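Colleague: Quick note: the sequence shown uses the UniProt record's numbering, first residue 1, plus one each step.
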Amino acid sequence: MHSIWQEKIDFPSYPILKRDKKCDVLYLGATLQNAVEAHFRQKQGAAVMMLEEKIISQMPELGGMGILRARDIEERRNLHRIRDYILGRGIPCEMEIISEDCLWVHPVKLFLFMTEGIDVYEQTSVCSVQGKRLDIGSAYVDAGEIVEQKEKKDPLYVYVFQDKSFYKIPGGDMKEIRRYKDVWLVGSPRRDLEGAMYSWEI
């Protein structure tokens with residue numbers, strides 16, 4: 001199952017890493033957060049790489065809800081930095097400024113822009129880690145810094161509704177709500193919300 005964000009998107013052809021590489025910063029996992037951080041680190045002059053064990057174009061979790069939110073002063077500073085960067089560069093990610101603490105974006109479009117010029121490899125799993133050296137089976141990666149995905153929380157499911165019928169759902173079963181074009185997206189910990197067109201897990 002693809003997410004709504006992956007419809008009509010042409011993904012680059014990401015290679016499988018098969019030879020030894022070195023980098024300053026290695027990101028494990030193709031996530032929007034990693035893509036944004038990697039972009040700014042590269043702009044600061046670091047040699048950056050990203051490894052993903054799945055096929056990126058088939059990852060429904062890559063899209064998520066497309067909501068960027070700040071919960072404290074540091075996160076708000078980072079959010080404003082991203083907002084101003086998107087506006088200043090005219091990044092085509094369909095950004096909507098909801099409040100000082102919330103942005104809506106097309107997450108896949110933002111991911112693709114932020115990873116332009118960065119070495120991204122898919123279908124590449126880490127077999128073992130010895131200090132800053134990663135064994136990926138067919139080769140080694142030596143990295144000055146390794147950024148791993150944060151520990152996965154309980155799954156959240158994103159449901160696509162054609163209309164506002166989701167308002168009949170008990171409030172505790174909805175964590176996030178946003179509008180995208182002519183549909184509504186609802187994030188819920190429940191796996192079985194009725195009335196949705198389709199859903200995906202994040």
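Glycine included, every Cβ here is placed at the ideal spot set by N, Cα and C.
If you're wondering where the values come from, they're calculated on a predicted model, not measured in any experiment.
Nearest to R69 by CA position, among E194, M197, I177, is which residue?
Modeller: What you label residue 69 is simply residue 69 of the sequence shown in a count that begins at 1. Ranking E194, M197, I177 by Cα distance to R69 puts I177 first.
Colleague: Measuring from the CB of L87, is there a heavy atom of the ligand GDP at a distance below 7 Å?
Modeller: Absence of the ligand GDP from the depicted structure is noted, as is the absence of any ligand whatsoever, leaving it without description.
Colleague: Short check: CB of D20 to CB of Y140, under 8 Å?
Modeller: By 1-based counting over the sequence shown, the position of residue 20 is 20. By 1-based counting over the sequence shown, the position of residue 140 is 140. Yes; because the gap between Cβ atoms is below 8 Å, this pair is in contact.
Colleague: So, under 8 Å CB-CB, M114 and V36 are touching, yes? Tell me the CB distance rounded to an integer number of Å.
Modeller: Within the sequence shown, the letter at position 114 stands for residue 114. Within the sequence shown, the letter at position 36 stands for residue 36. Right, the Cβ-Cβ distance comes to about 5 Å (below 8 Å), so this counts as a contact.
Colleague: Measuring alpha carbon to alpha carbon, tell me which residue in E201, R71, L103, E53 is nearest D84.
Modeller: As a first step, residue 84 is located in the sequence shown; it is residue number 84 there, counting from the start. Checking every option, the nearest Cα to that of D84 belongs to L103.
Colleague: If we call anything under 8 Å between Cβ atoms a contact, is D163 one with R190?
Modeller: Your numbering for residue 163 matches position 163 in the sequence shown. Your numbering for residue 190 matches position 190 in the sequence shown. Contact: no.
Colleague: Excluding five sequence neighbours on each side, which residues of the same chain lie with their C-beta closer than 6 Å to the C-beta of E53?
Modeller: For the purposes of this step, residue 53 is taken as residue 53 along the sequence shown, with counting starting at 1. S125.
Colleague: Do you know offhand how far K132's Cα is from V120's?
Modeller: Counting from 1 along the sequence shown, the entry for residue 132 is found at position 132. Counting from 1 along the sequence shown, the entry for residue 120 is found at position 120. Using only the alpha carbons, I get a separation of about 18 Å.
Colleague: Could you check what DSSP says for residue 226 in three-state terms: helix, strand or coil?
Modeller: The requested residue 226 is not part of the displayed model; the chain covers only 1 to 202.
Colleague: Excluding the 5 residues preceding and the 5 following Y27 in the sequence, name in chain order all residues of the same chain whose CB lies nearer than 6 Å to its CB.
Modeller: Position 27 of the sequence shown holds residue 27. Once the five neighbours on either side are set aside, the close Cβ partners of Y27 are N34, A38, M50, V147.
Colleague: Taking the alpha-carbon positions, what's the I169 to P155 distance?
Modeller: Translated into positions along the sequence shown, residue 169 becomes position 169. Translated into positions along the sequence shown, residue 155 becomes position 155. Roughly 19 Å between the two C-alpha positions.
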